[in-house]
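Numbering (our numbering), first residue to last: 11 to 185.
For each residue, glycine too, the CB sits at the ideal point set by N, CA and C.
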């Protein structure tokens with residue numbers, strides 16, 4: 011019943027995902043959520059660790075595209091110093107924004123991965139779009155009021171997934 015919410019991998023933080031891991035799996039581009047995946051939802055400036063991770067991806071020739079339900083103004087403010095492409099108003103958990111990013115990158119489904127901190131939006135959207143997904147732990151434990159509602163339901167879905175999928179667990183990478 012909840013298999014539509016099952017991530018391909020579970021990694022503690024986005025920074026643990028390396029270009030080598032991605033390339034070994036044939037992944038050529040990363041789609042990522044913004045709030046609590048790349049940056050804390052209440053701190054749009056990011057961290058030095060994030061800047062280094064984005065630079066590492068760029069140096070490896072792996073594009074990073076932000077796919078967010080936020081509006082353009084919010085995303086632009088948050089990623090202006092990172093020089094990333096983005097899709098605003100992505101409508102996750104529907105595949106609309108993810109499909110727009112796929113079209114923009116002109117890559118096959120197996121060459122893409124979606125990274126996010128929410129199974130109800132990011133992971134469900136990736137599964138609907140037919141691409142692999144990586145669930146990461148939220149950067150901070152607090153959420154905007156809109157996300158708090160999702161977290162309530164996510165706890166129940168995640169409990170069900172973990173009981174029925176003993177292979178699921180937090181890892182330090184995707185290999």
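{"Item": "On a CA-only basis, which of 93, 139, 133, 149 is nearest residue 67? Give me that one, please.", "Value": "93"}
{"Item": "Look up residue 78 in the DSSP assignment and say whether it is helix, strand or coil.", "Value": "coil"}
{"Item": "Between the region 79 to 99 and the region 26 to 36, do three or more beta carbon pairs fall short of 8 Å?", "Value": "no"}
{"Item": "If contacts are defined as beta-carbon pairs under 8 Å, then residue 117 and residue 41 qualify, I think. What distance do you get, rounded to the angstrom?", "Value": "That belief does not hold up - the Cβ atoms of residue 117 and residue 41 are roughly 10 Å apart, past 8 Å."}
{"Item": "Can you give me the C-alpha to C-alpha distance between residue 44 and residue 13, rounded to a whole angstrom?", "Value": "24 Å"}
{"Item": "Roughly how many angstroms separate the alpha carbons of residue 72 and residue 160, rounded to a whole number?", "Value": "30 Å"}
{"Item": "Taking the alpha helix (DSSP H) that residue 126 falls in, what are its first and last residues?", "Value": "Looking at the DSSP string, residue 126 is not in any alpha helix (DSSP H); the run it does join, the beta strand (DSSP E), is 122 to 126."}
{"Item": "To the nearest angstrom, how far is it from the Cα of residue 46 to the Cα of residue 150?", "Value": "6 Å"}
{"Item": "Quick check: residue 146 and residue 23, are their CB atoms within less than 8 Å of each other?", "Value": "yes"}
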